[in-house]
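For the sequence shown, my numbering begins at 4 and goes up steadily by one.
Note that beta-carbon positions come from the ideal geometry of N, C-alpha and C, so glycine has one too.
For reference, the structure is listed below as structure tokens.
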Amino acid sequence: MNYVILGAGGTGGCIGGFLAAAGKNVVFIARGRHLQAMQEKGLTIHSDKKGEMHLKNIKAMGTDEYKSKADVIFVSVKGYSLDDIVPFLKKAADRHTIIIPILNIFGTGKALAEKLPGKNVLEGCIYIVAWISAPGEITQRSDIFRVVYGTRGETALRPQLDQIAADLLSAGIAPVVSQNIAEDTYRKFTFVSPMAAVGAYYDITAQAMQKQGEKRDAFAAAVKEVIEVGKAMGLNLDSGLFDKNLAIMDALTPETTASMQKDLKKGGKSELDGLVFEVVRMAEKFGVAVPIYTQIAKKFGFEK
């Protein structure tokens, strides 16, 4: 299968890098200094899972240079860039192409599918700790590297989904072909959204949410709120999810911050709308009180 990685940052770069190292046909779509470094020197991944990976002869290019049709496109851009990538997806995908968004924002696949009629747009999410540590270099921490994906209903694509799973597995990535992708992607959302929201509100690292006190209480309350919204939406979320999310927080390195928080501090675009404001909108739609989210959204200028 021919793979395209649209957005070769920490998450996309690791998917593509692991697949390329396993001999799969991969094209990386990137931009700026990162793209230039990849074209000149290849891609280096400092991986806790696989050690030092130096991929010399990789195919890296900008969106304008790609002229083929992909079998699989992993979309790993930020949520605020979705509109920008639609033209590329229209030209790079045909009716056979599988498009797998692996963003943090819940419902990304559905939103993208509405802009791409006739295309096979799935839902997906990823469990990994990885980031661009220098142009052409990615650092990947811990042994966790899992890609979850699936369709929103019945599908005739199962053979292709299984082939993707086999390719991921052969590359050292744990694949999960989800039987209920809405629930599986929302489970991740119940952690990443509260962490981003509370972290940005107080301008704190994970350490402040690991200690007993106001910040941890706010994180715990936000987790409860977003879980209640999911239940009101009809999602079957397991009873231990709240405790699991607290345990995930406690397992993070103390200096960890969410990417949304980093983006806000830089003063540029961020995923604030999809990770925070959208929770308030969903809560209102389904009649759930979310006082913590409402307070946080108000600070960042949310208007109904």
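So, helix, strand or coil for residue i, using DSSP?
i	result
M285	helix
L106	coil
A114	helix
N248	helix
L58	strand
M263	helix
F305	coil
V195	helix
T47	strand
A63	strand
V124	strand
Taking just the CA atoms, how far does residue j sit from residue i?
i	j	result
E258	T193	21 Å
Y83	K272	7 Å
E117	K214	42 Å
R34	V195	26 Å
A211	A250	14 Å
K70	V282	38 Å
Q143	R149	13 Å
Y189	I101	21 Å
I135	F31	14 Å
G175	D67	31 Å
H99	I105	19 Å
L358	P178	Given a span of 4 to 307 for the chain in the structure shown, any question on residue 358 remains unanswerable.
T208	G12	22 Å
My guess is that residue i and residue j are in contact by the Cβ rule of under 8 Å, so how many angstroms apart are they, rounded?
i	j	result
R155	A114	About 12 Å separates the two Cβ atoms, so there is no contact after all.
V180	D170	The pair is not a contact, with the Cβ atoms about 12 Å apart (cut-off 8 Å).
A95	K62	The pair is not a contact, with the Cβ atoms about 13 Å apart (cut-off 8 Å).
L46	G16	7 Å
F303	L275	6 Å
I48	G20	5 Å
Can you check DSSP and say which residues form a bridge with residue i?
i	result
A137	E140
P162	In the DSSP output, where bridge partners are listed per residue, P162 has none listed.
R149	Y130, A177
F91	In DSSP, F91 forms no bridge with anything.
F31	I8, A63
Looking at the ligand COA, does it come within less than 7 Å of residue i, judged from the CB to the closest heavy atom?
i	result
G13	The ligand content of the structure shown is nil, which means the ligand COA is not present either.
Quiz item: Between the segment 261 to 273 and the segment 210 to 223, do at least 3 Cβ pairs fall closer than 8 Å?
Solution: no
Self-check item: Touch test, the segment 39 to 55 against the segment 112 to 130, Cβ-Cβ under 8 Å, three pairs minimum
Solution: no
Quiz item: Would you call the segment 277 to 291 and the segment 221 to 235 in contact, with 3 or more CB pairs under 8 Å?
Solution: yes
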